[in-house]
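**Student:** No gaps in the numbering here: position 248 of the sequence shown is 271 in the numbering used here, and each next residue is one more.
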Amino acid sequence: MQIVTTVDSLRQILKPLSKEGKVIGLVPTMGALHDGHGALIKESVKDCDITVVSVFLNPIQFGKNEDLDKYPKRLEADAKFAGSLGADYVFAPSVQEMYPDGDPLTLVRDETLESLYCGAYRPGHFRGVLTVVSKLFLISGCNHAYFGEKDYQQVFLIERMVKDLNFDLQIHRVKLVREDSGLALSSRNEYLSEDEHSRALGIYGGLKQAKAAYEAGERSVSKIRDIVLKSILAARGIVQFVEVVNQKDLQKFSGMLAPEDKVVILVAAFFGKTRLIDNIELN
Ligand code: PAF
24 MQIVTTVDSL
34 RQILKPLSKE
44 GKVIGLVPTM
54 GALHDGHGAL
64 IKESVKDCDI
74 TVVSVFLNPI
84 QFGKNEDLDK
94 YPKRLEADAK
104 FAGSLGADYV
114 FAPSVQEMYP
124 DGDPLTLVRD
134 ETLESLYCGA
144 YRPGHFRGVL
154 TVVSKLFLIS
164 GCNHAYFGEK
174 DYQQVFLIER
184 MVKDLNFDLQ
194 IHRVKLVRED
204 SGLALSSRNE
214 YLSEDEHSRA
224 LGIYGGLKQA
234 KAAYEAGERS
244 VSKIRDIVLK
254 SILAARGIVQ
264 FVEVVNQKDL
274 QKFSGMLAPE
284 DKVVILVAAF
294 FGKTRLIDNI
304 ELN
């Protein structure tokens, strides 16, 4: 396992490997790796000859009052963890290395979904994500890239970007990983107090109840939403949104669901000062 910190050195390593026909997998992260990232790394190691894990806390995807400054940083431990799972390189550039001229003038953005769901509450977030992910694709020349379904809107937008812009690589969605308690794994879970952590289980509790209701025949979008809302409110969470949306285009459903509808519930809620997101596919 080698830590690489510059764009040029990563290219110098990967280009010859690529020419030899080696298949390169990229796992983009912001660090503070946990078993959710572990699942992405394992998939890449299984599919690819070379796995690169990028660890870059991307400032342009954070809003002014968000947690950029307090986001956990532990590069050495991350590299050890990634290496123990079979990753070959950790790419950990500085902000100066990634954005040598300051904030980029050229941004990648989608014009429809960036202002919905997470994007409605985090203006500029998705263009920051799509821009850095494009840079990482171009820098690494990867053949495959791995993203978790916890960030459901993110992975959807990245898949669309790859199609829309003809990036020559394959995106892999990896299933969300939960703690034994049911809480979706996230680097931000570290911010939760014990009490907030146990209350935050109300998110998955609500999602599970909604899925059970759906499986028992409930098709009313408002009733399905209410089940999740009630569970989070009962746990004294502050709900940002609970939306019942189409897996295919992330458009909101309303009224009654049809049998052919592919449905996912997207949630964002605060417990204390910590914003958590989660989701569940109903079919
Ligand atoms: O999901 C994340 O950790 C980030 O949004 C990503 C994809 C690494 C881009 O900075």
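We put the CB at the ideal spot given by N, CA and C, even for glycine.
Given the structure is predicted, the values throughout are model-derived calculations rather than measurements.
Is DSSP giving G48 helix, strand or coil here?
**Tutor:** Of the three classes helix, strand and coil, the one that applies to G48 here is strand, per DSSP.
**Student:** Please go through the same chain and pick out, in chain order, the residues whose beta-carbon is closer than 6 Å to the beta-carbon of I300, but skip the five residues on each side of it.
**Tutor:** So the list reads A291, once near-sequence residues are dropped.
**Student:** Which residues in the same chain as S157 place their Cβ atom closer than 8 Å to its Cβ, once the five residues preceding and following it in sequence are excluded?
**Tutor:** V131, M184, L188, F190.
**Student:** For D101, verify whether its CB is less than 6 Å away from any heavy atom of the ligand PAF.
**Tutor:** Checking every heavy atom of the ligand PAF against the Cβ of D101, none is found closer than 6 Å.
**Student:** Looking only at its chain, what residues have a beta carbon closer than 6 Å to the beta carbon of Y214, apart from the 5 residues adjacent to it on each side?
**Tutor:** Taken in chain order, the residues that qualify are T297.
**Student:** Taking 6 Å as the cut-off, is the C-beta of M53 nearer than that to any heavy atom in the ligand PAF?
**Tutor:** M53 Cβ: within cutoff of the ligand PAF.
**Student:** So within the region 233 to 284, which uninterrupted beta strand (DSSP E) runs reach at least 3 residues, ignoring any that extend past its ends?
**Tutor:** Here the runs fully enclosed are 261 to 269.
**Student:** So, for L136: in the same chain, excluding its five sequence neighbours on each side, which residues have a beta-carbon less than 7 Å away from its beta-carbon?
**Tutor:** Only G142, Q176, L180, L273 meet the Cβ criterion.
**Student:** I want to check one thing, is the minimum distance from the CB of D174 to the heavy atoms of the ligand PAF below 6 Å?
**Tutor:** Yes.
**Student:** Which word fits V266, buried or exposed, when buried means at least 16 other C-beta atoms lie within 10 angstroms of its C-beta?
**Tutor:** Here the sequence assigns Glu to residue 266, which means Val is not the residue at that position. With 16 or more Cβ atoms within 10 Å of its Cβ, E266 is classed as buried.
**Student:** Any chance the region 33 to 45 sits against the region 62 to 75, with 3 or more Cβ pairs inside 8 Å?
**Tutor:** In short, these stretches touch, since the Cβ pair count reaches three.
**Student:** Cβ of V265 within 6 Å of any heavy atom in the ligand PAF?
**Tutor:** For the ligand PAF, not one heavy atom lies less than 6 Å from the Cβ of V265.
**Student:** D58: which of K253, V268, L199, S254 sits nearest, CA to CA?
**Tutor:** For the residues K253, V268, L199, S254, the minimum Cα distance to D58 belongs to L199.
**Student:** Should N166 be counted as a contact of the ligand PAF given a C-beta to heavy atom distance under 6 Å?
**Tutor:** Not so, every heavy atom of the ligand PAF lies at least 6 Å from the Cβ.
**Student:** Using the three-state DSSP reduction, which class does R145 fall into: helix, strand or coil?
**Tutor:** Here R145 sits in coil by DSSP.
**Student:** As a quick exercise: from M279, P82, V178, S209, pick the residue whose alpha carbon is nearest that of H195.
**Tutor:** For the residues M279, P82, V178, S209, the minimum Cα distance to H195 belongs to V178.
**Student:** Leaving out the 5 sequence neighbours to the left and right, which residues in its chain are closer than 8 Å to G86 when beta-carbon positions are compared?
**Tutor:** So the list reads R145, P146, G147, H148, once near-sequence residues are dropped.
**Student:** Within the same chain, show all residues whose beta-carbon is closer than 8 Å to that of L91, passing over the 5 residues directly before and after it, in chain order.
**Tutor:** Closer than 8 Å at Cβ, skipping near neighbours: L80, P82, F85.
**Student:** Residues in its own chain within less than 8 Å of P95 by CB, not counting five upstream and five downstream?
**Tutor:** Correct list, in chain order: G54, A55, S210, E213.
**Student:** Exposed or buried, which one is D203 when buried takes at least 16 other CB atoms within 10 Å?
**Tutor:** Label assigned to D203: exposed.
**Student:** For my contact list, Q270 and E217 are in at a C-beta cut-off of 8 Å; report their separation, rounded to the angstrom.
**Tutor:** So it is not a contact: roughly 35 Å between Cβ atoms.
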